[in-house]
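Novice:
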Amino acid sequence: MVALELVDAVKRYGARAALAGVSLRLAAGEALGLLGPNGAGKTTALRLLLGFARASAGGVSLFGRDPREPAARRGVGYLPERLVLPDRATVRGFLRLQAGLAGIDAAARNAEVDAVLAMVGLAERARERIGGLSKGLRQRLGFANALLGRPQLLILDEPTSGLDPLGVRDARTWILAARERGAALLVSSHGLSEVERTCDRIAILDEGRLVASGALAELVGPGESLEDAFVRAVRR
Amino acid sequence: MSGLGLLAREALHDALRRRIAFAVAVAALASVAMLDSCTSCAAPITVQGEVRELSELAGPAGLGTFVVLGLWLMVLAGVLASDHLRTTLEDGSALLSLARPISRESFALARLAGVLGLTYGAGLVVLGAAAAMLAARSGLPWLPALLAGGACALGCATVAGFAMAASLVLPRAATLLLVLGGVWLIALANGLGAFTRVGGWLGWLDRSGPPLGSAMALALAPWLDGATFAGDPVQVGARLAAWAIGAVLVLTYGFRSVEIRG
């Protein structure tokens, strides 16, 4: 099953093309790292895939449907780059609301919330207000939200932003655990090493165009690092 | 509870947590205190050289007070709506909910419900207290007040729906001006139209626009003891309901077309 697909997707803002004919495809269980310099079009691609924006041309689908249809987003866990959480809500209250919106049964919500809180190490803080959490703990909460309901597809935008080295290692563990149970993964990041460790395919965008795409082994030449391959692709 | 219900509850909590909620509570209580003071006054007054008891004027005074309070509530709904949806888009807090299997329509309706929940709460206190005091102290019947309350509720939904839709394309200051200017103009058109035939665009506004003032006034006409206003209360009420539905449709259609910045 195809989890997500962009087919010659174009997104224009006035005369400027943020995406200029990008095609991507992610099958169930695959993990794709989306790389590119600032302004390359990574976030625009994610916005199209989540139905936040409409493509100017080309096709976009999520589990075979138009992402603007609510049903297409069932089974999607999302962690945005700019994570805004309701400061006055409690950690548990926020996750309970999100679990309800994700379509998790009322009877199963508490158990599901407890499970993700334990996973991200926030079980002890469940009753605290979100406003009192540090940046790193908020990012952990963002992960907990994305992992609610065991999503079939995880879309993570700069997932390790604000995490300390221990948090980064934990995040990698959660991502790999999701992959092990068969979730597809799309990670947009500047952290090349994280992408290298969690993804098996890489797509590099530059100025709205797909400049390189393939398995890690195909993109990275002998004796090269992913950083070398990335620089080569965007300076071509 | 459905996604819409969960979001509506959250939107109401958001509205109650806003600083303006405290101001609304204070203003509502001040209105009730003012009503208490006004309705307990029993001094004789002179009208065109004739001495009359204030209780004789309870009907018109009650009607005027009720309509003014209703218009105040409609403005309040518009002011609250002018940023209740827009802010969630600007600060990015809507992203997590909109990435869920929730329709845009549900999200917009939930935000509108949050605004209306706060406004209706204030309305229940203010209009309820007004109706109770006028009934207890001046013997004015409850039913017209109840119908006028319903008209006020439709007016609030109309103003809030259009304000929220306008906030998607206009800056907040412009939306606020639109709310204040729009309600004031419609109230003026309705006020003039109650006593005389008004021509021009003001007349059109009275006859075809949302009857924010006249629907309430027509509902309260039985308080006037024989005097009547121009207009059929049922037709005017139906026109206001149609405008309220139109406002909600404009909002949901508008929000469906909006691109959300991630």
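Top to bottom, those sequences are chains A and B.
Each residue of the first sequence is one higher than the one before, counting from 1341 in the working numbering.
Each residue of the second sequence is one higher than the one before, counting from 68 in the working numbering.
Beta carbons: idealized from backbone N, C-alpha and C, even for Gly.
(1) Are the C-beta of A/Leu1390 and some C-beta of chain B separated by less than 8 Å?
(2) Give the single residue among A/Ser1565, A/Gln1438, A/Ser1528, A/Ala1555 whose Cα lies nearest to the Cα of A/Leu1386.
(3) Between the segment 1485-1500 of chain A and chain E, which residues of the former have CB atoms less than 7 Å from a CB of the latter, in chain order?
(4) According to DSSP, is A/Leu1488 part of a helix, a strand, or is it coil?
(5) DSSP state of B/Glu117, grouped into three classes?
(6) For B/Phe229, collect the residues of the same chain with a Cβ closer than 6 Å to its Cβ; drop the 5 residues on either side in sequence, then sort them by chain order.
(7) Name the chain B residues whose beta carbon is nearer than 9 Å to that of A/Leu1437?
(8) Expressed to the nearest angstrom, what Euclidean distance is found between the alpha-carbon atoms of A/Leu1359 and B/Val93?
(9) Hey, quick one: how far does the alpha helix (DSSP H) through B/Val142 stretch, first residue to last?
(10) Using a C-beta to C-beta distance shorter than 7 Å, which residues of chain B count as neighbours of A/Arg1428?
(11) Kindly indicate if chain A contains any beta-carbon less than 8 Å away from that of B/Glu326.
(12) If B/Leu147 and B/Ala82 are in contact, beta carbons under 8 Å, what's the gap, nearest whole angstrom?
(13) What does the Cβ neighbour count give for A/Glu1452, buried or exposed, with the cut at 16 atoms within 10 Å?
(14) For chain A, check one thing: does any of its Cβ atoms lie closer than 8 Å to the Cβ of B/Arg264?
(15) In the DSSP output, what is A/Asp1546 paired with across the bridge?
(16) If we count Cβ pairs, one from each stretch, closer than 8 Å, do we get three or more for the segment 1414-1426 of chain A versus the segment 1391-1398 of chain A?
(17) Could you tell me whether the Cβ atoms of A/Leu1441 and B/Ile169 are closer together than 8 Å?
(18) Any idea if A/Ala1380 is buried or exposed, counting beta-carbon neighbours within 10 angstroms, 16 or more meaning buried?
(19) Indicate the three-state DSSP secondary structure (helix, strand or coil) for A/Ser1363 in the structure shown.
(20) Residues bridged to A/Ala1371 by DSSP?
(21) What are the boundary residues of the beta strand (DSSP E) that includes A/Ile1495?
(22) Please name the residue, chosen from B/Pro289, B/Phe296, B/Arg323, B/Ser275, that lies closest to B/Ala66 on a Cα-to-Cα basis.
(23) If we require 3 or more residues per run, which beta strand (DSSP E) segments fall completely within the segment 196-281 of chain B?
(24) Any contact between the segment 153-160 of chain B and the segment 185-198 of chain B? By contact I mean 3 or more CB pairs, one from each, below 8 Å.
(25) Residue range of the alpha helix (DSSP H) that A/Gly1507 falls in?
(26) For the beta strand (DSSP E) that A/Arg1352 lies in, which residues bound it at each end?
(27) What does DSSP give as the partner residues of A/Thr1430 in its beta bridges?
(28) Output the distance between the C-alpha atoms of A/Arg1365 and A/Arg1509, rounded to the nearest integer angstrom.
(29) For B/Gly136, which residues in the same chain have their Cβ closer than 7 Å to its Cβ, ignoring the five residues on either side in sequence?
(30) Using a beta-carbon distance below 8 Å, is A/Leu1366 in contact with chain B?
Specialist: Considering the structure as presented:
(1) yes
(2) A/Ser1528
(3) This model lacks chain E altogether; the protein chains it does include are A and B.
(4) coil
(5) strand
(6) Ala314
(7) Leu73, Leu74, Arg76, Glu77, Ser164
(8) 51 Å
(9) 125-151
(10) Arg84
(11) yes
(12) 6 Å
(13) buried
(14) no
(15) A/Arg1549
(16) no
(17) yes
(18) buried
(19) strand
(20) A/Leu1525
(21) 1493-1497
(22) This structure cannot speak to residue 66 of chain B, because chain B is shown only from 68 to 329.
(23) none
(24) no
(25) 1505-1520
(26) 1342-1353
(27) A/Arg1469
(28) 28 Å
(29) Checking the sequence shown, residue 136 of chain B turns out to be Leu, not Gly. Here the set comprises Ser98, Val193, Leu194, Ala197.
(30) no
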